[in-house]
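Let me begin by presenting the structure, written as structure tokens, before commenting on it.
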Amino acid sequence: MTESIKILIADDSEMMRLVMKRLFNKYIVSPNISETRNLPDAINYLKVERVDFLLLDINMPHGDSNPDTIREILAIQPDIKICMFSGNDKDALQQDFLAAGAVGFVQKDEKMGDSLQQVINRVFN
Numbered sequence: 001m002t003e004s005i006k007i008l009i010a011d012d013s014e015m016m017r018l019v020m021k022r023l024f025n026k027y028i029v030s031p032n033i034s035e036t037r038n039l040p041d042a043i044n045y046l047k048v049e050r051v052d053f054l055l056l057d058i059n060m061p062h063g064d065s066n067p068d069t070i071r072e073i074l075a076i077q078p079d080i081k082i083c084m085f086s087g088n089d090k091d092a093l094q095q096d097f098l099a100a101g102a103v104g105f106v107q108k109d110e111k112m113g114d115s116l117q118q119v120i121n122r123v124f125n
């Protein structure tokens, strides 16, 4: 099992952040989890704190994430692993985000726990 990874969950839904925190705690030993509610706060956080893994919602207040957002974040922290998180159609969006440098895409659905576990296993093991 993966251990002591610093994670940032950037999602405007408190419920989704809570669900994902529980999943991270299930798949990672002693994760260090921080949260932001919008894209500007996430970018500002990343400018001052090193993070291993960013779970980034696409649609949030004060700005939606897009492939350019991935490139901007990687310019700030080149080693960060970014996983997109969205209720939007994964098949329509995934390829553009992966091409920009994201390591995965978790669809907000009944399989999101399994999807997150697969991304974590692929990236950190």
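Numbering follows UniProt numbering, in which position 87 of the sequence shown is assigned residue number 87; successive positions increment by one, without gaps.
The beta carbon of each residue, even a glycine, is placed where N, CA and C say it ideally should be.
Smallest Cα separation from residue i: which of the options?
i, options, result
"VAL106", "SER86, PHE124 and PRO31", "SER86"
"GLN95", "ASN121, LYS111, PRO67 and GLY63", "PRO67"
"LYS111", "ASN125, VAL19 and MET60", "VAL19"
"CYS83", "GLN77, ASN44, ILE5 and ILE120", "ILE120"
"SER4", "SER13, ASP11 and PHE24", "PHE24"
"PRO61", "ARG37, ILE43 and PRO78", "ARG37"
Just confirm the distance between the C-beta atoms of residue i and residue j, as a whole number of angstroms; I'd bet it's less than 8 Å.
i, j, result
"ILE7", "PRO31", "5 Å"
"ASP57", "SER65", "7 Å"
Does DSSP put residue i in a helix, a strand or coil?
i, result
"SER115", "helix"
"MET84", "strand"
"GLN107", "strand"
In chain order, what residues of the same chain have a beta carbon less than 6 Å from the beta carbon of residue i, not counting five sequence neighbours either side?
i, result
"GLU35", "ILE9 and ARG17"
"VAL123", "LYS81 and VAL103"
"GLY63", "LEU39"
Tell me residue i's beta-bridge partners as DSSP assigns them.
i, result
"LYS6", "ASN32"
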